[in-house]
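Residue numbers (the numbering used here), protein chains in the order written: chain A, -9 to 347; chain B, 40 to 357.
Next comes the structure, spelled out in structure tokens:
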């Protein structure tokens, strides 16, 4: 009993301490280059929390991160690294905008369902390629998903310039493909927060139900924990690899739809892969694969992302600082061995003191 | 365009694009032979590219024509420094290798652009003071036919890379150090029993990969982009890893694969001059290197065997 309590405590302590250490690292780096870290963090936090508009924007960013984070997490649980979240998000973004622009006159509920459905399928197919190659040929999903990222990037830009338009930006989607919710937009004074937030909350619940209450989810976890034992128990490793990658890519594609329809309402040529993909990986690692943890990590990173925009003007600090803090946080999450050793040392010295009394 | 000058163009531009891949793939080989997966090579290349660009701009007035070559060393040194993060995380702190590599890839572009802004007040450095340009290879250029195709107006760093690959092969397969490094990647506990310092060997593997990856990035900045910005290194570190796997974790194989990928990358630039290829839409040439990587990985995977203990954390026996 004591050990479960302790591991639960660790499950909260490790991310919390990692966040703290990440911020401290960022502060030290800023001091080193002659910036004032207090000003920078204050600019970041006050910028977001003093304005309903920017709080809405942070939640909008968190919404997309929840999808990409959950996407990475489910493949991770099955033992795979889907580094291709960014490319799958892009695939979903293209599909959603393409459908929305092709059938602008369909009723809103039908068009949104079609658009989002197409995005989920596009993301799932893009990830499924890597899953199938892994399952049947043993090809490293890390390298394949990375290569598919760059392929998606170039193909997207090609489709924008040659198929959807002749320029670098598509038309805006019609109001029947609009994701915004009147009262939410009003509440946040015109931010781009949208019904993606509700979809995200539903998906968080569904993810939890799937992983903990359903046989298919149990199989995915079992294969991730021990592929040999699960195969021996009659589960198909191939099937679970492909299934987890399909869900993973589908979630990323859903994120792409919400980002495309909700945030921008159009599609434009990209110079690099969307950072939402890689930050989704960070969100999943910080949330330790727990859907609720991922949701809260997304909010944190949403605030960091949006707040970073205030640092150059209000504190003179380059906004890349936020990404450095994110990377540092994930470093400490990954290297949590050092935190666990430190915690154990503290605990054992405490019990030793008690024993002496 | 006659056939000799066409071949000359294909060979030289393939080598220009291959040079960063050769060094980085060799780096990956050392790291993985010691049992540490290093997907952070992409980030290490970013840091190498950044450092060499800064060095190039700051020291051109001191070193003149030698600047880009010394810039390689600057890139290599920052690469070692950055690879130490990966080494400490994976070897001492028992972090997952892919997670730690992902951290490197998240941190490097952010840090490099942060520093570029801190120094230059902009997200990119602007044109470098001196790039590698094209060079003739001493004496070999005089050979008839072969000389003009392979050794005139070509990439100096690529030939340095080929030379480095030969040296790397000798080090890995013909020296005591190489044998120890490989044994640590195959069976660390057996190696430990024989008195080999496993941690030291793994550190050596990762640091060599940092040095070579940093050089790879320095070439990318100084020979291809002629500046440093966020787009200077875009996936080359990952392609180099694919070259390493394609080359079956053998330096010479990795080098050959890197040259092949260099050729694939160069097609997007010079495809317009080559008959038949000029009729293929540009987008296919752009995605070709990435698709080829996937096809090749699927095709060779049965025959290439990774070091046995790759990716596992080694815990010292008590």
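Note that beta-carbon positions come from the ideal geometry of N, C-alpha and C, so glycine has one too. Since we're looking at a predicted model, the values are computed, not measured.
- If you ignore the 5 residues before and after residue 297 of chain B, its C-beta comes within less than 7 Å of the C-beta of 57, 60, 61, 64, 279 and 282, all in its own chain and listed in chain order.
- Separation of residue 327 of chain B and residue 138 of chain B (C-alpha to C-alpha, rounded to the nearest whole angstrom) is 28 Å.
- Burial is judged here by how many other beta carbons sit within 10 angstroms of a residue's own beta carbon; residue 263 of chain B has at least 16 and is buried.
- Counting the other CB atoms within 10 Å of its CB gives residue 131 of chain A a total of 16 or more, which places it among the buried residues.
- Across the structure, residue 203 of chain A and residue 282 of chain A are spaced so that their CA atoms are roughly 16 Å apart.
- Check the Cα spacing between residue 213 of chain A and each of A/205, A/230 and A/198: the tightest is with A/230.
- Using a Cβ distance threshold of 8 Å, residue 70 of chain A and residue 235 of chain A count as a contacting pair.
- By DSSP's assignment, residue 258 of chain A forms a beta bridge with A/159.
- The beta carbons of residue 167 of chain A and residue 101 of chain A sit closer together than 8 Å.
- In terms of Cβ geometry, residue 211 of chain B and residue 290 of chain B form a close pair [threshold 8 Å].
- Restricting attention to B/337, B/120, B/330 and B/98, the CA atom closest to the CA of residue 253 of chain B is found in B/120.
- For residue 81 of chain A, the secondary structure class from DSSP, reduced to helix, strand or coil, is helix.
- In this structure the stretch 24 to 34 of chain A does not lie against the stretch 152 to 168 of chain A, because fewer than three pairs of beta carbons, one per stretch, are closer than 8 Å.
- Counting only the Cα atoms, residue 110 of chain B lies some 6 Å from residue 94 of chain B.
- Within the same chain, Cβ atoms closer than 6 Å to the Cβ of residue 305 of chain B are found at 52, 53 and 56, the five residues on either side in sequence being excluded.
- Using a Cβ-Cβ cut-off of 8 Å, residue 189 of chain B does not count as an interface residue toward chain A, since no Cβ of chain A sits closer than that to its own.
- As for any alpha helix (DSSP H) of minimum length 4 sitting wholly inside the stretch 86 to 121 of chain A, there is none.
- With 16 or more other Cβ atoms from the protein chains shown falling within 10 Å of its own Cβ, residue 86 of chain B counts as buried.
- Residue 193 of chain B sits in a strand when the DSSP states are folded into three classes.
- For the C-beta of residue 144 of chain A, the chain B residues within less than 7 Å are, from N- to C-terminus, 322, 325 and 326.
- Counting only unbroken stretches of 4 or more residues, the alpha helix (DSSP H) elements lying wholly within the stretch 95 to 176 of chain B are 106 to 126 and 136 to 159, in sequence order.
- The beta carbon of residue 43 of chain A is closer than 7 Å to those of 178, 179, 180 and 181 in its chain, skipping five residues each way along the sequence.
- Apart from sequence neighbours up to five positions away, the residues of its chain that approach residue 152 of chain B with a beta-carbon distance below 7 Å are 162 and 269, ordered along the chain.
- Against chain B, the CB of residue 137 of chain A has a partner CB under 8 Å away; the residue lies at that interface.
- C-alpha of residue 97 of chain B to C-alpha of residue 272 of chain B: approximately 21 Å in a straight line.
- With a cutoff of 8 Å on beta-carbon distance, residue 346 of chain B and residue 195 of chain B are scored as not near each other.
- When CB distances to chain A are screened at a threshold of 7 Å, the residues of the stretch 138 to 150 of chain B falling below it are 138, 139, 141, 142, 145, 146, 149 and 150, in chain order.
- Interface with chain B (8 Å Cβ-Cβ cutoff): residue 293 of chain A is excluded.
- The stretch 78 to 91 of chain A and the stretch 300 to 318 of chain A do not touch, with fewer than three beta-carbon pairs separated by less than 8 Å.
- In the three-state reduction of the DSSP assignment, residue 198 of chain A falls in the helix class.
- Residue 52 of chain A places its beta carbon 8 Å or farther from that of residue 271 of chain A.
- It is roughly 21 Å from the alpha-carbon of residue 311 of chain B to the alpha-carbon of residue 149 of chain A.
- Using a Cβ-Cβ cut-off of 9 Å, residue 242 of chain B is close to nothing in chain A; its nearest Cβ partner there is about 16 Å away.
- In its chain, beyond the 5 residues on either side, 71, 74, 76 and 224 have a beta carbon closer than 7 Å to the beta carbon of residue 349 of chain B.
- Spanning the alpha carbons of residue 263 of chain A and residue 144 of chain A requires a straight line of approximately 10 Å.
- In this chain, residue 288 of chain B is not harboured by any alpha helix (DSSP H), its DSSP state being neither H nor E.
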